[in-house]
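In what follows, a single structure is set out as structure tokens and then discussed.
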Ligand code: CA
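Residue numbers (the numbering used here): 1134 to 1369.
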């Protein structure tokens, strides 16, 4: 496939030797690395440089990686930005929190630079694989969503959904495997000029789960952030 390595990668790490090592290996592979050495600088660089992916260390001065991750996920411009976390073995519980806060993957220190580059590539590929234009059909387990006909079915049984439920399900399917904040879902489905609260999203998620029981386990609530539809390897 036409995968190119000229993507801009923001590396956030306060330990200079690790920072330089990662930078060196990414450059060698043709990536364009930019760097930050603190959490606040990371947020600034994301805004200014608009990287395609962030390699984010957990332990950082001023603001730690978890907070950076949370902030990036809570605004729609960076809600979908791929984040690869760097963690130490001793920080395992933080790693789990990091994944819950929306990091896409993590690498444990000490790591081989080659392995890190491989994970960066894999994550970029995963993101590129996500359809940029709407497909006609999504399949998720026994669920089929036909966008053209505006139909959702479980097996052969058609399940009637309201327009908002349909829009919500479509957004979850399109971005499955990724954490979507309530704000992002609200903007995507209800629009920016909608005056309701993010509670609206919770109510509709609950209705979707009632109508489509297979989503009960598949849509997971992510601590204080939003929702994620678990990634099945599905077509669409
Ligand atoms: Ca560090």
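C-beta: ideal position from N, C-alpha, C; glycine also.
- In this structure, 1245 is the residue among 1245, 1208 and 1179 with its C-alpha nearest to the C-alpha of residue 1219.
- At least 8 Å separates the beta-carbon of residue 1182 from that of residue 1140.
- The closest CA to that of residue 1297, considering only 1310, 1254, 1336 and 1276, is found on 1336.
- Here DSSP, grouped into helix, strand and coil, assigns residue 1359 to strand.
- Per DSSP, residue 1238 is one residue of the beta strand (DSSP E) stretching across 1238 to 1242.
- Distances from the CA of residue 1165 to each of 1143, 1203 and 1250 were compared; the closest alpha carbon is that of 1143.
- Within the model, the alpha-carbon separation for residue 1302 versus residue 1341 is close to 8 Å.
- The shortest C-alpha to C-alpha distance from residue 1205 to any of 1194, 1354, 1229 and 1177 is the one to 1177.
- Exposed is the label assigned to residue 1328, since fewer than 16 other Cβ atoms lie within 10 Å of its Cβ.
- The nearest non-hydrogen atom of ligand 1 is 7 Å or more from the C-beta of residue 1237.
- By the rule of a C-beta closer than 6 Å to any heavy atom of ligand 1, the residues picked out are 1146, 1147, 1148, 1190, 1192 and 1193.
- Distance check between residue 1345 and each of 1292, 1356 and 1153 places 1292 closest, using alpha-carbon atoms only.
- Boundaries of the alpha helix (DSSP H) around residue 1161: 1149 to 1161.
- For residue 1187, the enclosing beta strand (DSSP E) stretches over residues 1186 to 1190.
- Nearest in C-alpha terms to residue 1257, of all of 1231, 1214 and 1210, is 1214.
- Taking a C-beta distance under 8 Å as the contact criterion, residue 1191 and residue 1235 do not qualify as a contact pair.
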